[in-house]
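> Here's a structure for you.
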Amino acid sequence: MPATALVKHLQQAKKDLDLMTAMTKLDKYRVLIIDDIGYVKKTDSETQALFEFIAHRYESGSLIITSNQPSANGIKSFLTP
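If you want it as structure tokens, here you go:
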């Protein structure tokens, strides 16, 4: 799933007060691949939605993340306010 599509989906679910249901629906997949995480704009709301999903997924299944950026740059961009 492209990272931008996932983030938009999660943000809409959060606005609809249905974030947990949206995340739980993805639990049926043993492995999820988030593609092109480098394209996420990294606004506060996008970063928060992605963080919540990764934290949820950590306890429920495997996750593979791809990026078009070197790994150090990609990680720094999510850790830097």
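For what it's worth, the numbering used here labels the leading residue of the sequence shown as 371, then goes sequentially. By construction, the Cβ of each residue, glycine as well, lies at the ideal position given by its N, Cα and C atoms.
1. Helix, strand or coil for Val410? Go by DSSP, reduced to three states.
2. Would Met390 pass as a contact of Phe423 if the rule is Cβ separation under 8 Å?
3. Please classify Lys410 as buried or exposed, where buried requires at least 16 neighbouring CB atoms within 10 angstroms.
4. Between the Cα of Gly408 and the Cα atoms of Arg427, Leu380, Thr417, which residue gives the shortest distance?
5. Measure the C-alpha to C-alpha separation of Asp414 and Lys385 and round it to an integer number of angstroms.
6. Can you list the beta strand (DSSP E) stretches of 3 or more residues lying completely in the segment 374-404, in chain order?
7. From which residue to which residue does the beta strand (DSSP E) around Ser432 run?
In short, the structure shows the following:
1. Three-state DSSP puts Val410 in coil, outside helix and strand.
2. no
3. The displayed chain sequence assigns Val, not Lys, to residue 410. It counts as buried.
4. That would be Thr417, whose Cα lies nearest to the Cα of Gly408.
5. 15 Å
6. 401-404
7. 432-435
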